[in-house]
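Note that full-length UniProt numbering has the sequence shown beginning at 1, numbered continuously upward. Quick reminder that beta carbons are idealized off the backbone N, C-alpha and C, glycines included.
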Amino acid sequence: MATTVKKTTKRKKNLVIVESPSKAKTIEKYLGSTYKVVASLGHVRDLPKSQMGIDIENHFEPKYISIRGKGDVIKGLRKEAKAAKKVFLASDPDREGEAIAWHLSYLLGLDPTDTNRVVFNEITKDAVKDAFKNPRSIDMKLVDAQQARRVLDRLVGYSISPVLWKKVKKGLSAGRVQSIALDLIIKREQEIKAFIPEEYWTVDAEFKKQRNKFKATFYGLANKKEKLTNNAAVQAILAKLDQTADFTITNVVKKERKRQPQPPFTTSTMQQTANTQLNFRTRKTMMAAQQLYEGINLGGKEGTVGLITYMRTDSTRISAGAKADAAQYIHTEFGADFAASKPRTTKMQEGAQDAHEAIRPSSVFRTPTSIKDKLTNDQFKLYSLIWSRFVASQMTAEVLDTMTVTIEQNGVSFKANGAKTKFAGFTKAYPAAKEKDNVLPDLVLGDHVNLVKLDPAQHFTQPPARYSEAALIKALEENGVGRPSTYAPTLDTIQRRNYVKLEARRFEPTELGMIVEEVIREFFPDIIDIKFTANVENKLDNVELGKEEWVKVIEDFFGPFEKEVKVAEENLEKIIVKDELAGFDCEVCGAPMVVKLGKYGKFFACSRFPDCRNTKAVIKEIGMVCPICGLGQVVERKSRRNRVFYGCSRYPECEFTSWDKPLTRNCPHDQHFLVEKKVKGGKQVVCPNGDYEEDIQK
1 MATTVKKTTK RKKNLVIVES PSKAKTIEKY LGSTYKVVAS LGHVRDLPKS QMGIDIENHF
61 EPKYISIRGK GDVIKGLRKE AKAAKKVFLA SDPDREGEAI AWHLSYLLGL DPTDTNRVVF
121 NEITKDAVKD AFKNPRSIDM KLVDAQQARR VLDRLVGYSI SPVLWKKVKK GLSAGRVQSI
181 ALDLIIKREQ EIKAFIPEEY WTVDAEFKKQ RNKFKATFYG LANKKEKLTN NAAVQAILAK
241 LDQTADFTIT NVVKKERKRQ PQPPFTTSTM QQTANTQLNF RTRKTMMAAQ QLYEGINLGG
301 KEGTVGLITY MRTDSTRISA GAKADAAQYI HTEFGADFAA SKPRTTKMQE GAQDAHEAIR
361 PSSVFRTPTS IKDKLTNDQF KLYSLIWSRF VASQMTAEVL DTMTVTIEQN GVSFKANGAK
421 TKFAGFTKAY PAAKEKDNVL PDLVLGDHVN LVKLDPAQHF TQPPARYSEA ALIKALEENG
481 VGRPSTYAPT LDTIQRRNYV KLEARRFEPT ELGMIVEEVI REFFPDIIDI KFTANVENKL
541 DNVELGKEEW VKVIEDFFGP FEKEVKVAEE NLEKIIVKDE LAGFDCEVCG APMVVKLGKY
601 GKFFACSRFP DCRNTKAVIK EIGMVCPICG LGQVVERKSR RNRVFYGCSR YPECEFTSWD
661 KPLTRNCPHD QHFLVEKKVK GGKQVVCPNG DYEEDIQK
């Protein structure tokens, strides 16, 4: 008897497309076997690099092409889409992510009006599953907003850059946000150079009541504040005092002061705080934040889970559910007195889009210490900062008892200020924000105190400090220039172009940067006009809100700008940027060697290039013979990521390298060479073998 074989057909899966493989891996675990999640590896279509790529005569129509090198990715996506039951586009929940979804729909032949767009603010099981219950169509207002920025930046960059190439130097570029950033740095440098120091003096004093000592500062004469501008004024004050006689407490003011917690992080405030508290560069902060958002494998039942909400946001808003969880955690961990009596609300900064929540942990119950062993050092530091700031934002104020006392003798008054924490409040969860206690003795009106010593000191007013990364981001944000996603690439660009350099973590303009800024200021004044640029930013944001047509915004900008480009091409004279002399001659032809700037930094090249193509790496000897081979010198080098390290000058014959600076001294325990290691607050001398260490030099 013949048997029949039942033929089974393979069940089609739903296809989900995200940007990154790590995000794909996390989401696929949540969705189960009926879904397949793949990555587009970022954008798949963009404007061509070799040309402007915008049809100016045809309403600024962009000429998109598939990105070079993405052919296999696109081919694979088309194959998967063809075999899928339905395709979902789950790129990031912002303008950039919406544009990626739109480009994917075009390449895969999908209907952009179909409900196949899925967005979630955090990559957790509940958030992802809820998002797939409520897909929507592609939001063309978001797409137009991204497209408008892309087109505008391309028009600016590809119009000004050729002028700079022709008139100044090849390889230069200009852009809207980077030009403002460069201008701010140069203006600060000009302020510093124009600054005239002014002399002033202070007189610090130390008093004691019985055995309790405290410090005070000269205030004035006859209860009126007085400035000490020279030594003669100081000597006149000192002449009035009898340093062996008692001083009297003539005024005591006691108050209670409350310090409210700061709101949770936005992209900008996270970058600033990570820079000042963790010493993280902006790019490093965003890299760690991206990893925390896309998912970390915690093992066990949780598996891979996104630890924070979306990290590109200018909102301080928090969802009701997250506030309720925070309140529960605070009640349990710290007590009812530490929980805000009602959920806190924050005032939105002007111009903020409020498209997403603030940056917060996806679960407040997932404390930093509970997952420390699953995170890298950088991830743990940043997660701890985000978690602490969020929890603190939902807590009560810190309460301080303050006391200000006035100490007088012969009409000369000193003031002392003290503060003591009465109630820790939000600082219980966020110790980094706590003020240091300065407790004064129990002083009352009419008390007599003894002078221990006087310390007159001469000072001079200081110029404003150069911008750090944190300070520059804050300045850009305060002026309404740029948006959360632009700060990190902007700072990176002005450094790669050698327009600025970082010295002691502060931005200093280069000669080339000042030349470029001068050209832009003369011929393209609107580009570095902060009010003009902020207004353009607002118009671009209005495209997202449906209040402006993106083509109209571009037209209004491009008309006057095009005229400025023509004037620059006709009137800008050739500027010769002289190469810096290296101080030695070429060993091949004898011509002077000069310092050139390449892709990975400075290098030495023959001044007769291209007739002589001799080049040498720029190396800085530290005055130490290589501890491995004993033949070469230890030299300072830079990695491709611009990080300083130390190696042997005979590389590759000798492969000695060290991230820490080697010292000529040896360890007293095992005679291994010592190294100078950077630590928080200064430097430390240690033995690489780990059995010797010297005090930190602050």
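task = Please go through the region 254-292 and give each complete alpha helix (DSSP H) segment of 4 or more residues, from N-terminal end onward.
result = Runs found: 267-278.
key: Residue from 390, 375 and 328 with nearest C-alpha to residue 296   = Start at 1 with the first residue of the sequence shown, and residue 296 comes out as number 296. Of the candidates 390, 375 and 328, the one whose C-alpha sits nearest the C-alpha of residue 296 is 375.
Minimum length 3: unbroken beta strand (DSSP E) runs contained in the region 207-249 = 212-221
ask   = Helix, strand or coil: how does DSSP classify residue 698 here?
value = On the sequence shown, residue 698 is found 698 positions in, with the first residue counted as 1. At residue 698, the pLDDT of 38 sits below 50, so the modelled position is not reliable; the number obtained from the coordinates is stated separately. Three-state result, residue 698: coil.
message = Short of 7 Å in beta carbon distance, which residues of its chain neighbour residue 574, apart from the five on each side in sequence? Order them along the chain.
response = In the sequence shown, residue 574 corresponds to position 574, counting from 1. If we look at residue 574 and ignore the five residues flanking it on each side, its Cβ neighbours are 167.
ask   = How would you call residue 134, buried or exposed, if buried means at least 16 neighbouring beta carbons within 10 angstroms?
value = For the purposes of this step, residue 134 is identified with residue 134 of the sequence shown, where counting begins at 1. Per the 10 Å Cβ criterion, exposed.
key: Anticipated Cβ contact below 8 Å, residue 362 with residue 307, distance rounded   = Position 362 of the sequence shown, counted from the first residue, corresponds to residue 362. Position 307 of the sequence shown, counted from the first residue, corresponds to residue 307. Yes, residue 362 and residue 307 are in contact; Cβ-Cβ is about 6 Å, under 8 Å.
request  = In the DSSP assignment, find the alpha helix (DSSP H) that holds residue 524 and state where it starts and stops.
outcome  = Mapped onto the sequence shown, residue 524 falls at position 524. First-last for residue 524: undefined, no H or E at that position.
task = Could you check what DSSP says for residue 494 in three-state terms: helix, strand or coil?
result = By one-based count along the sequence shown, residue 494 stands at place 494. DSSP, reduced to helix, strand and coil, places residue 494 within a helical segment of the structure shown.
key: Distance between residue 303 and residue 141 (C-alpha atoms, nearest Å)   = For the purposes of this step, residue 141 is identified with residue 141 of the sequence shown, where counting begins at 1. For the purposes of this step, residue 303 is identified with residue 303 of the sequence shown, where counting begins at 1. Answer to the nearest angstrom: the Cα atoms are 36 Å apart.
task = Kindly confirm or deny that the region 477-486 and the region 308-317 touch, where touching means at least three C-beta pairs closer than 8 Å.
result = Two segments are said to touch when three or more pairs of C-beta atoms, one from each, lie closer than 8 Å; by this definition the region 477-486 touches the region 308-317.
key: Rounded C-alpha distance that separates residue 13 from residue 86   = In the sequence shown, the residue the question calls residue 13 occupies position 13. In the sequence shown, the residue the question calls residue 86 occupies position 86. Each residue's Cα considered, the two are about 7 Å apart.
task = Leaving out five residues on either side along the sequence, give the residues of the same chain with a beta carbon under 8 Å from the beta carbon of residue 635.
result = Position 635 of the sequence shown, counted from the start, is the residue given in the question as residue 635. Contacts found: 619, 620, 621, 622, 646, 647, 648 and 649.
inquiry  = For the pair the region 206-213 and the region 467-477, tell me if three or more CB-CB distances fall below 8 Å.
reply    = no
request  = Report the three-state DSSP secondary structure of residue 474 (helix, strand or coil).
outcome  = Indexing the sequence shown from 1 puts residue 474 at position 474. In the structure shown, residue 474 sits in a helix (DSSP, three-state: H, G or I).
inquiry  = Give me, in chain order, the residues of the same chain whose beta-carbon lies closer than 7 Å to that of residue 30; leave out the 5 immediate sequence neighbours on both sides.
reply    = One-based indexing of the sequence shown puts residue 30 at position 30. Closer than 7 Å at the Cβ level, and outside the excluded window around residue 30, lie 125, 128 and 129.
query = Is it true that the CB of residue 277 sits closer than 9 Å to the CB of residue 432?
reply = As a position in the sequence shown, residue 432 is number 432, starting the count at 1. As a position in the sequence shown, residue 277 is number 277, starting the count at 1. Closer than 9 Å, so yes.
task = Grab me the residues of residue 688's own chain with a C-beta within less than 7 Å of its C-beta, minus the 5 sequence neighbours each way, in chain order.
result = What you label residue 688 is simply residue 688 of the sequence shown in a count that begins at 1. So the list reads 672 and 675, once near-sequence residues are dropped.
message = With distance defined between alpha-carbon atoms, name the residue in 542, 208 and 579 nearest to residue 146.
response = The sequence position of residue 146 within the sequence shown is 146, counting from 1. Of the candidates 542, 208 and 579, the residue whose Cα lies closest to the Cα of residue 146 is 542.
query = Considering residue 413, what are the terminal residues of the beta strand (DSSP E) in which it resides?
reply = As a working mapping, residue 413 is identified with position 413 in the sequence shown. Run containing residue 413: 412-423, per the beta strand (DSSP E) assignment.
request  = Please go through the same chain and pick out, in chain order, the residues whose beta-carbon is closer than 7 Å to the beta-carbon of residue 244, but skip the five residues on each side of it.
outcome  = As a working note, residue 244 is residue 244 in the sequence shown. Result list for residue 244: empty, nothing under 7 Å.
inquiry  = Going by beta-carbon coordinates alone, are residue 118 and residue 73 separated by less than 9 Å?
reply    = As a first step, residue 118 must be located in the sequence shown, where it is residue number 118. As a first step, residue 73 must be located in the sequence shown, where it is residue number 73. No, they are not a contact pair.
request  = Could you pull out every residue in the same chain whose Cβ sits closer than 6 Å to the Cβ of residue 457, ignoring the five residues on either side in sequence?
outcome  = Sequence index remark: in the sequence shown, residue 457 carries index 457 (1-based). Within the same chain, 202 come within 6 Å of residue 457 by CB-CB distance, once the 5 residues on both sides are set aside.
message = Using only the alpha-carbon positions, how far apart do residue 711 and residue 617 sit?
response = The shown model of the chain, from 1 to 698, leaves out residue 711, and the question about it has no answer.
task = Quick one: grab the DSSP three-state call for residue 146.
result = Locating residue 146 in the sequence shown gives position 146, counting from the first residue. Note: residue 146 maps to helix in three-state DSSP.
ask   = Which residue comes first and which comes last in the alpha helix (DSSP H) that contains residue 31?
value = The residue given as residue 31 occupies position 31 in the sequence shown. Note, residue 31: alpha helix (DSSP H), 21-31.
inquiry  = Give me, in chain order, the residues of the same chain whose beta-carbon lies closer than 8 Å to that of residue 459; leave out the 5 immediate sequence neighbours on both sides.
reply    = Reading the sequence shown from its first residue, position 459 is the one you call residue 459. Answer for residue 459: 199, 200, 201 and 202, listed in chain order.
key: Proximity of residue 46 and residue 17 at Cβ, strictly below 9 Å   = Locating residue 46 in the sequence shown gives position 46, where the first residue counts as 1. Locating residue 17 in the sequence shown gives position 17, where the first residue counts as 1. The answer is no: Cβ separation not under 9 Å.
task = Determine the burial state of residue 406: buried for a count of at least 16 other Cβ atoms within 10 Å of its Cβ, exposed for fewer.
result = For this step, residue 406 is matched to residue 406 along the sequence shown. Label assigned to residue 406: buried.
task = Measure the C-alpha to C-alpha separation of residue 686 and residue 637 and round it to an integer number of angstroms.
result = For the purposes of this step, residue 686 is taken as the residue at position 686 of the sequence shown. For the purposes of this step, residue 637 is taken as the residue at position 637 of the sequence shown. Approximately 21 Å between the Cα atoms of the pair.
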